[in-house]
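Enquirer: Chains as they are written, first to last, in numbering that gives the first Met the number 0: chain F, 0 to 131; chain U, 0 to 131; chain P, 0 to 131; chain D, 0 to 131.
Protein chains: 4
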Amino acid sequence: MITLAEARTIIEAAEKSAVSISRPMNIAVVDGGGNLVAHVRMDGAWLGSIDISINKAWTSRAFDIETGALAKESQSGEQYFGIHASNHGRVIIFAGGIPLKRKGQIVGAIGVSGGSGKQDQTVAAAGAAAFV
Amino acid sequence: MITLAEARTIIEAAEKSAVSISRPMNIAVVDGGGNLVAHVRMDGAWLGSIDISINKAWTSRAFDIETGALAKESQSGEQYFGIHASNHGRVIIFAGGIPLKRKGQIVGAIGVSGGSGKQDQTVAAAGAAAFV
Amino acid sequence: MITLAEARTIIEAAEKSAVSISRPMNIAVVDGGGNLVAHVRMDGAWLGSIDISINKAWTSRAFDIETGALAKESQSGEQYFGIHASNHGRVIIFAGGIPLKRKGQIVGAIGVSGGSGKQDQTVAAAGAAAFV
Amino acid sequence: MITLAEARTIIEAAEKSAVSISRPMNIAVVDGGGNLVAHVRMDGAWLGSIDISINKAWTSRAFDIETGALAKESQSGEQYFGIHASNHGRVIIFAGGIPLKRKGQIVGAIGVSGGSGKQDQTVAAAGAAAFV
């Protein structure tokens, strides 16, 4: 489980990272059940990224994988191609979703959306690093 | 428009109210376009209320009305009966959604879900009162 | 069939009626296939009524009936109760949708949403009256 | 914000462009919150393009980008591949959606659908050019 206090610590770290690269982001944290614990949209962040940040976090927990890694297996011609049409549109297959681990076990995930894939990944990683 | 900082102030006030009545809640704030600014699920709050809190806020802005007031007009036999099936399930017709006003104009809304209608309304009102 | 020019004439008449009762409205016109021809949201009209105006028009054509009349048959205990959950949320069962007839045949419909059921009906009727 | 009068000016310009290339189009305008202000389907335009025109406009505002530009980043192997499955099918990743700017800020968007990508883009650009 991830408490709201822990989700806030994760989000705070991710926000600092987003500020440091001058890119407003949507940031979401889900728990071990894949259910949303907290979400923030920084001022000026894309509206379309609300859904994506929440679902990157969901995807990351749902398949226990970084969404950037899932992306490689989900391109045209690869073994999971088409997976993004499953689960009623909740599966996001590009970078920015990272599982949150405690004692080696995945207990939730963070999802970030609002910039390039590289930016989203950077900010998500900063958030995940704050979870111990 | 409502900034993330403002949304946090609103949520903080709502959380205090939720704690004071010993009831964990989902709390969401949307802006003038009905788009989510921030959401929190307090520890132990209902999973099914994630969607409801977000959509109470949306409903309240979408129809510029408290959801508890909309409820009265949406019962069987009343003028808006059936409205809860519109807008792809986003319309919530029970108490806990309150418009946020600035200088007399509605610029967003708060939605709270996790307890009785009365509890949800109490917590939402506390959040709305913190917006000036 | 209803041309775009005809839809605009209908909408213009409905708008005049909305202005005359000082109530901004969403107004939509669909053709004989139930497909949208035109929609307008008057300044200040409810965001949640975009969907409802379009689907009142759709409902009115889909069942060849005024939505206000369908409402009576769709209340709890009546023969069509529950119909609002069918057709993926497109069935609106309160006043404001009126079929458009030419030579006694239904060739489309108008849907209006943004006020009380009575206001919606008044504005829709004004629009329908402009179609000959 | 974009008024209905402004949306009509935009649509009128887009329609003229569509007539000049002899291609009936669906044309939609959304405001800064991504919410529909107005839509028209020109006589003979594709039925399937009603949804696409509205959602091209939404996409363009939701990610503050032309949908034709988003297309390049959303092909298999690119950084946003799969984004078209997010946001409940509202993300359209081919040309025809253009943000509307005022004083350098994006305040809405136009979406056009009914022809080739090139035709849609031409008509959308004509509409956007009429917004000042």
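The beta-carbon is built from N, C-alpha and C at its ideal position, and this holds for glycine as well.
From U/PRO23 to U/VAL122, what distance separates their C-alpha atoms?
Expert: 10 Å
Enquirer: Tell me, which residues are paired with P/ASN25 by DSSP?
Expert: P/ARG40, P/SER112
Enquirer: When you check each C-beta in the stretch 35-58 of chain F against every C-beta of chain U, which residues fall closer than 7 Å?
Expert: LEU35, VAL36, ALA37, HIS38, VAL39, ARG40, MET41, ASP42, LEU46, ILE49
Enquirer: Buried or exposed, going by whether 16 or more other CB atoms sit within 10 Å of the CB of D/LYS117?
Expert: exposed
Enquirer: Against chain U, with Cβ distances strictly below 8 Å, would D/GLY96 count as a contact?
Expert: no
Enquirer: Looking at C-alpha atoms only, which residue of F/ALA124, F/PHE80, F/ARG101 is the closest neighbour of F/SER16?
Expert: F/ALA124
Enquirer: Could you pull the DSSP bridge partners for D/ILE107 from this structure?
Expert: The displayed chain sequence assigns Gly, not Ile, to residue 107 of chain D. In the DSSP output, where bridge partners are listed per residue, D/GLY107 has D/ASP30, D/LEU99.
Enquirer: Counting contacts by CB-CB distance shorter than 8 Å, is D/GLY113 in contact with chain U?
Expert: no
Enquirer: So F/SER21 contacts chain D; which residues on that side make the cut at Cβ distance below 7 Å?
Expert: Those do not exist, as F/SER21 stays about 15 Å from chain D at its closest Cβ, beyond 7 Å.
Enquirer: Which residue marks the beginning of the alpha helix (DSSP H) containing P/GLY67, and which one marks its end?
Expert: 66-72
Enquirer: Report the option in U/GLN120, U/ALA128, U/GLY31 whose CA atom is closest to the CA atom of U/ILE20.
Expert: U/GLN120
Enquirer: I'd like to know whether the C-beta atoms of D/GLY96 and D/LYS55 end up nearer to each other than 8 Å.
Expert: yes
Enquirer: Which term fits U/HIS38, buried or exposed, when burial requires 16 or more other beta carbons within 10 angstroms of its beta carbon?
Expert: buried
Enquirer: Could you give the residue range of the alpha helix (DSSP H) that holds U/THR2?
Expert: No alpha helix (DSSP H) holds U/THR2; DSSP gives it neither H nor E.
Enquirer: Work out the CA separation of F/ASP30 and P/SER115 for me, nearest whole Å.
Expert: 42 Å
Enquirer: Any Cβ of chain D within less than 8 Å of the Cβ of P/LEU99?
Expert: So, not an interface residue.
Enquirer: State the start and end residues of the unbroken alpha helix (DSSP H) segment that holds F/ALA50.
Expert: Per the sequence shown, the amino acid found at residue 50 of chain F is Asp instead of Ala. It spans 48-61 - the alpha helix (DSSP H) in which F/ASP50 sits, taken as one unbroken run.
Enquirer: Report the residues of the stretch 107-131 of chain U with a CB closer than 9 Å to any CB of chain D, ordered along the chain.
Expert: The residues in question: there are none.
Enquirer: Between F/ASN34, F/LEU46, F/ILE26, which lies nearest to U/ASP42 when the distance is taken from Cα to Cα?
Expert: With distances taken between Cα atoms, U/ASP42 lies closest to F/ASN34.
Enquirer: Which chain F residues sit within Cβ distance under 7 Å of D/ASP63?
Expert: TRP45
Enquirer: Decide if P/ALA128 is buried, meaning its Cβ has at least 16 other Cβ atoms within 10 Å, or exposed.
Expert: exposed
Enquirer: For a contact defined as C-beta to C-beta under 9 Å, what are the partners of D/VAL33 on chain U?
Expert: According to the sequence provided, residue 33 of chain D is Gly. The question's Val does not apply to it. Chain U residues near D/GLY33: GLY32, GLY33, ASN34.
Enquirer: Our contact map puts D/GLY81 next to F/PHE62 with C-beta atoms below 8 Å; I'd like the distance itself, whole angstroms only.
Expert: That pair is no contact at about 13 Å.
Enquirer: Just how far apart, CA to CA, sit U/ARG60 and U/ALA13?
Expert: Near 18 Å, if we compare the C-alpha coordinates of U/ALA13 and U/ARG60.
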